[in-house]
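Data block below; observations after.
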Amino acid sequence: MLFRSTELTYQVRIPSFAKAAGNLLLLRLALNDFADDIMEHGERTQPIVFPSTTHETEIVEIALPDKYAVDELPPPVRIDTAVASYESLTEVAGSLLRNTRQLEIKGLTVEKNRLGELKEFYRKVSASEAAAAVLKPR
Numbered sequence: 000m001l002f003r004s005t006e007l008t009y010q011v012r013i014p015s016f017a018k019a020a021g022n023l024l025l026l027r028l029a030l031n032d033f034a035d036d037i038m039e040h041g042e043r044t045q046p047i048v049f050p051s052t053t054h055e056t057e058i059v060e061i062a063l064p065d066k067y068a069v070d071e072l073p074p075p076v077r078i079d080t081a082v083a084s085y086e087s088l089t090e091v092a093g094s095l096l097r098n099t100r101q102l103e104i105k106g107l108t109v110e111k112n113r114l115g116e117l118k119e120f121y122r123k124v125s126a127s128e129a130a131a132a133v134l135k136p137r
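Residue 26 in numbering that gives the first Met the number 0 sits at position 27 of the sequence shown, with consecutive numbering throughout.
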């Protein structure tokens with residue numbers, strides 16, 4: 000078998016995960032950073048070679064606090080380039096806040112002439128990862 004899928008499921012409790020902003024709560028929804036900083040350390044002179052193509056999915060579900068309701072959700076994000084693609088969608092499912100993200104690295108090698116495209120891609124992914132849901136008191 001050439002392709003093997005791995006799934007990890009875990010539950011965590013993170014005290015003070017939400018950040019207070021007045022009477023609002025801000026929740027950053029990405030637990031793992033997909034955005035890589037390989038493009039942020041000066042000008043590259045060589046292509047980038049990834050160890051493999053990849054398709055990663057992260058689903059984060061956060062139980063909404065009883066005394067809070069969703070005020071604002073991050074907008075959906077879809078970035079599709081020849082090099083990589085990324086999607087993020089945040090939704091309310093009953094008493095859960097669910098964020099689903101997918102990252103796909105499409106090829107092993109990113110040639111020097113595509114490095115600007117990859118850099119811009121990772122900047123957009125990083126901005127998406129920093130987005131927060133806003134909760135307000137009921």
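For every residue, glycine included, the Cβ atom is placed at its ideal position computed from N, Cα and C.
Relative to the C-alpha of Val82, which candidate in Leu95, Lys111, Val76 and Arg97 has its C-alpha closest? Numbered from 1 along the sequence shown, position 83 holds the residue referred to as residue 82. Here the closest residue by C-alpha is Lys111.
Take Arg43 and list the residues in its own chain whose beta-carbon comes closer than 6 Å to its own, dropping the five residues that flank it on each side. Residue 43 sits at position 44 when you count from the first residue of the sequence shown. Excluding positions up to five away in sequence, the list reads Leu114.
task = Pick helix, strand or coil for Lys105, following the three-state DSSP scheme.
result = Numbered from its first residue, the sequence shown carries residue 105 at position 106. In the structure shown, Lys105 adopts coil according to DSSP, grouped into three states.
Report the partner residues of Ile141 according to the DSSP bridge assignment. Past the boundaries of the shown model lies residue 141; the chain is included only from 0 to 137, so the question cannot be answered.
- Message: Taking 8 Å as the threshold (C-beta atoms), are Leu63 and Ser15 in contact?
- Response: Within the sequence shown, numbered from 1, the residue matching residue 15 stands at position 16. Within the sequence shown, numbered from 1, the residue matching residue 63 stands at position 64. No; because the gap between Cβ atoms is not below 8 Å, this pair is not in contact.
* What residue range is occupied by the uninterrupted alpha helix (DSSP H) comprising Ala126? -> For the purposes of this step, residue 126 is taken as the residue at position 127 of the sequence shown. That run of the alpha helix (DSSP H) goes Leu114 to Ala129.
Item to check | Neighbourhood of Glu90 by C-beta, 6 Å cutoff - its chain only, sequence neighbours within 5 removed | outcome: Taking the sequence shown and counting its residues from 1, the one referred to as residue 90 is at position 91. Non-local beta-carbon contacts of Glu90 in its own chain, meaning distances under 6 Å to residues more than five positions away in sequence, involve Arg97 in chain order.
**Request:** For Ala131, count neighbouring C-beta atoms within 10 Å of its own C-beta (all shown protein chains included) and say buried if the count is 16 or more, exposed if not.
**Result:** Against the sequence shown, residue 131 aligns to sequence position 132. Result: buried.
inquiry  = Using only the alpha-carbon positions, how far apart do Glu103 and Ile13 sit?
reply    = In the sequence shown, the residue the question calls residue 103 occupies position 104. In the sequence shown, the residue the question calls residue 13 occupies position 14. Whole-angstrom Cα-Cα distance: 28 Å.
>> Cutting at 7 Å between CB atoms, please list the residues of its own chain near Leu25, excluding the five before and the five after it.
In response: Working through the sequence shown from its first residue, we reach residue 25 at position 26. Excluding residues within five positions, the ones whose Cβ falls inside 7 Å are Ala17, Lys18, Ala131 and Val133.
Item checked: Sub-8 Å separation of Pro46 and Val109 beta-carbons -> For the purposes of this step, residue 46 is taken as the residue at position 47 of the sequence shown. For the purposes of this step, residue 109 is taken as the residue at position 110 of the sequence shown. Their beta carbons are under 8 Å apart, which means Pro46 touches Val109 by this criterion.
Would you identify the three-state DSSP class for Met0, choosing helix, strand or coil?
Within the sequence shown, the letter at position 1 stands for residue 0. With a pLDDT of 48 at Met0, under the threshold of 50, the modelled position of this residue cannot be trusted, and the question is left open.
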